[in-house]
Amino acid sequence: MLEINLPLIVFAIFAVLAIGGALGVVGSRNLIHGALYLIVSLFGGAGLFVMLSAPFLAAVQVLVYIGAIAILIIFAVMLTRGMAQTKEVVNRQWWLSAILALVLLAVIGIAVVMPVWGPNGSNVVNLQVAETTAGVAELGIALVDGNQYVLPFEIASLLLTAAMIGAIVVARDD
Amino acid sequence: METCINIISTFASCMVQSGTQPGLALFLQFLVGVILVASFPLVLVIILIWGERKIAARVQDRLGPNRVGPWGLFQNIADALKLITKEDITPAGADRVIFNAAPIIAMLAVILMWAVIPFSPVNVGVDLDLGVLYIIAVGSVGTLAIMMAGWASNNKYALLGAFRVTAQLVSYEVPMVMALLVPVLLASSMSLQQISYAQLGMWFIVVAPVAAFIFYVANLAETGRAPFDLIEAESELVAGYNIEYSGMKFGLFMATEFLHAFTANLLFTVLFLGSWSGPWATEVPFLGFVWLMLKTFVVYIPSLVLRATVPRVRIDQMMAFNWKFLVPLSILNLVVMATLVKVCQVAGIAPDAASASDFAANLPQAIILLLGNVAMVLVTLQVLRNAGRRERLKMEALMADTDRDALPAPAAHS
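Shown next as structure tokens:
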């Protein structure tokens with residue numbers, strides 16, 4: 009039986025924000041509303057990151073996803089004629105996206121279920137997440153340490169640089 | 088829980104002593120803290136608007152508000168009452184929920200910043216490990232509020248104004264963040280309280296004047312102050328994103344603007360002017376708060392005079408200034424500062440944790456960093472001079488061409 013305590017209530021609030029926002033994104037016909045629901049959902053995600061002792065990820069979620077990407081999406085929607093009032097709820101590719109969504113759901117579901125109830129699972133409902141907050145310093149060291157994540161970090165940087173150069177090339181007049 | 092000394096500094100334990108449940112007492116303590124931190128800026132904004140109107144009036148050879156109360160001090164309370172009693176209009180075709188939420192979110196984005204500001208060595212809302220990142224993250228939500236206001240108003244001027252403002256805010260965020268990284272680098276921490284402590288020996292404006300300059304200019308643009316006040320270009324866009332707002336909803340946007348400007352200067356003080364540091368600040372914490380406010384007003388009042396004096400720049404000039412000047416300079420600044428700090432550390436002249444608050448121990452590193460900054464300024468000025476000369480020669484050549492064409496026979500065109 010679940011015990012009602014403060015973290016659970018806070019978790020419920022953020023979970024409702026995250027899932028409700030996500031449902032709003034899918035359900036709303038007005039694309040601007042959809043983008044704003046996306047922000048609500050991302051905010052709920054940021055709250056969950058705080059609860060998981062990852063405040064850095066929460067701040068980055070707000071900064072990058074809400075402050076930059078969502079604004080970009082809203083910009084794109086507003087600059088596209090007639091996108092604020094779409095009539096159809098589905099288009100011709102609905103079955104493709106349905107399959108993809110189901111596959112993704114299955115993968116996530118397995119990833120959640122297997123560690124707890126699987127053959128090698130710990131079979132405890134109250135899995136303890138990390139008690140200590142990993143500081144920003146540890147994260148910074150992990151990203152540049154030769155034994156840890158320096159290669160993925162550099163590859164991601166290279167990808168971003170390539171994308172930026174590509175954007176400049178596309179936007180140039182001549 | 089600590090022992091009860093007095094009701095101010097140990098609120099929760101005193102409540103427990105007088106019979107309140109521990110959990111409830113702690114909750115009440117946080118509640119009182121949040122209310123205090125959040126309502127102080129709201130009260131402050133009344134004085135800020137009064138001060139701004141007085142100073143602008145003096146610059147323009149007027150008296151400013153002088154009827155309500157002594158020196159017109161209560162003019163803004165009268166104005167606020169007027170705004171509250173005005174009819175609250177929601178335009179036809181407006182998106183009601185978003186329209187009403189926008190001013191609240193705008194205000195929220197500014198008030199939330201106050202949560203991590205260190206007011207004194209001991210008084211800080213939350214000493215977040217990533218305070219600087221939090222400030223940027225919360226500040227970016229303000230852009231969203233402007234977007235929402237512009238779109239939900241169902242007015243093309245509002246929408247155009249919102250587009251323009253968002254372009255401005257998103258662009259100037261880049262040099263601002265780059266400049267913010269320099270205090271983080273010098274203090275080796277993102278917590279604003281740690282940055283304050285790191286400046287006990289030497290203020291960062293001495294060590295990194297270029298970063299301070301970039302941060303100040305980018306902040307002027309972020310908060311929409313002259314010469315970057317395109318947020319409310321009444322001559323071109325009627326009023327900008329808030330054109331359809333009336334009554335107290337408009338009042339909220341206005342208060343947000345003033346408060347944001349003050350908060351930006353407060354941040355500048357915390358990051359570059361030594362925060363609460365000053366004589367006896369560590370012994371008497373309240374004095375730290377006084378120093379912080381004094382220093383903030385020292386940088387805030389020139390920005391008011393600046394606002395009343397300089398003309399507004401064009402949007403393309405403003406974007407060119409950002410992307411062709413501020414952004415490259417801020418990247419150069421970050422690279423140079425990072426290199427010099429590392430060099431100082433390797434050479435062993437950087438102050439260690441024990442001597443960080445000692446002025447003499449900071450001196451060698453400060454001199455090297457200051458020289459680096461001076462070199463950067465000289466190089467930048469030379470580059471600007473060359474670019475200016477090229478531009479001038481091009482214009483002169485163009486003028487010479489048009490003169491030759493225009494002078495002989497105007498009949499050739501007919």
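One line per chain: the protein sequences are Y and G, in this order.
Using our numbering, the final residue of the first sequence is 182, and nothing's skipped along the way.
Using our numbering, the final residue of the second sequence is 501, and nothing's skipped along the way.
Cβ coordinates follow ideal geometry from the N, Cα and C atoms, glycine included.
Reduced DSSP category for residue i - H, G, I as helix; E, B as strand; rest coil
i: V400 (chain G); result: coil
i: D182 (chain G); result: coil
i: P314 (chain G); result: coil
i: F161 (chain G); result: coil
i: E370 (chain G); result: coil
i: P262 (chain G); result: helix
i: A274 (chain G); result: helix
i: R37 (chain Y); result: coil
i: A326 (chain G); result: coil
i: K481 (chain G); result: helix
i: V155 (chain G); result: coil
i: E319 (chain G); result: helix
i: A295 (chain G); result: coil
i: E344 (chain G); result: helix
i: T169 (chain Y); result: helix
i: S227 (chain G); result: helix
i: Y303 (chain G); result: helix
i: N187 (chain G); result: helix
i: D488 (chain G); result: helix
i: A62 (chain Y); result: coil
Between the CA atoms of residue j and residue i - distance to the nearest angstrom
i: L150 (chain G); j: W158 (chain G); result: 10 Å
i: N306 (chain G); j: A351 (chain G); result: 6 Å
i: M9 (chain Y); j: P15 (chain Y); result: Confidence is the limiting factor: at M9 (chain Y) the pLDDT is only 48, short of 50, which leaves the residue's position unreliable and the question unanswerable from this model.
i: G72 (chain Y); j: S165 (chain Y); result: Looking at the sequence provided, one finds Val at residue 72 (chain Y) rather than Gly. Whole-angstrom Cα-Cα distance: 15 Å.
i: A179 (chain G); j: I81 (chain Y); result: 26 Å
i: A499 (chain G); j: A487 (chain G); result: Caution applies to A499 (chain G), whose pLDDT of 49 falls short of 50 and renders its modelled position unreliable; the model cannot decide the point.
i: N241 (chain G); j: F337 (chain G); result: 16 Å
i: I176 (chain G); j: E331 (chain G); result: 8 Å
i: D439 (chain G); j: P451 (chain G); result: 13 Å
i: A150 (chain Y); j: L279 (chain G); result: 23 Å
i: V470 (chain G); j: P415 (chain G); result: 12 Å
i: I191 (chain G); j: L339 (chain G); result: 7 Å
i: I222 (chain G); j: F51 (chain Y); result: 16 Å
i: S362 (chain G); j: I164 (chain G); result: 31 Å
i: Q108 (chain G); j: A326 (chain G); result: 53 Å
i: F57 (chain Y); j: V211 (chain G); result: 23 Å
i: A202 (chain G); j: V121 (chain G); result: 8 Å
i: I118 (chain Y); j: T230 (chain G); result: 39 Å
i: L421 (chain G); j: P205 (chain G); result: 25 Å
Within-8 Å CB hit, residue i to chain G
i: I189 (chain Y); result: Residue 189 (chain Y) is absent from the model: chain Y starts at 9 and stops at 182.
i: P15 (chain Y); result: no
i: V144 (chain Y); result: yes
i: V177 (chain Y); result: no
i: M9 (chain Y); result: With a pLDDT of 48 at M9 (chain Y), under the threshold of 50, the modelled position of that residue is not reliable, and no figure is offered here.
i: A119 (chain Y); result: no
i: G55 (chain Y); result: no
For residue i, the nearest candidate out of the options (CA to CA)
i: K28 (chain G); options: G:L393, G:G365 and G:L115; result: Examination of residue 28 (chain G) is not possible in this model, given that chain G is present from 88 through 501 alone.
i: S258 (chain G); options: G:R154, G:E309 and G:M486; result: G:E309
i: E370 (chain G); options: G:L419, G:V209 and G:M482; result: G:V209
i: V397 (chain G); options: G:V422, G:T107 and G:A143; result: G:A143
i: D216 (chain G); options: Y:L65, Y:L87 and Y:V48; result: Y:L65
i: W137 (chain G); options: G:R154, G:A125 and G:V304; result: G:R154
i: V297 (chain G); options: G:V269, G:S275 and G:K173; result: G:V269
i: L170 (chain G); options: G:K141, G:W201, G:M335 and G:A447; result: G:M335
i: G32 (chain Y); options: Y:V18, Y:A20, Y:I21 and Y:I47; result: Y:I47
i: V506 (chain G); options: G:L246, G:A348, G:M263 and G:G110; result: An answer regarding residue 506 (chain G) cannot be provided, because it is not within the stretch 88 to 501 covered by chain G.
i: Y328 (chain G); options: G:G237, G:M405 and G:N409; result: G:G237
i: A313 (chain G); options: G:I292, G:V294, G:R401 and G:S227; result: G:R401
i: A181 (chain G); options: G:A239, G:L113, G:M405 and G:A196; result: G:A239
i: S126 (chain G); options: G:D148, G:C431, G:G110 and G:L346; result: G:L346
Beta bridge counterpart(s) of residue i as assigned by DSSP
i: V211 (chain G); result: G:P205
Cutoff 8 Å: residue i Cβ touching any chain Y Cβ
i: L419 (chain G); result: no
i: L231 (chain G); result: yes
i: A305 (chain G); result: no
i: M200 (chain G); result: no
i: S501 (chain G); result: In this prediction, S501 (chain G) has a pLDDT of 47, which is less than 50 and means its spatial position is unreliable; nothing more can be read from the coordinates.
i: M406 (chain G); result: no
i: D214 (chain G); result: no
i: V211 (chain G); result: no
i: T253 (chain G); result: yes
i: M234 (chain G); result: yes
i: W238 (chain G); result: yes
Residue i CB to nearest heavy atom of the ligand GTP below 7 Å
i: I107 (chain Y); result: Looking at this structure, you won't find the ligand GTP or any other ligand, since it has none at all.
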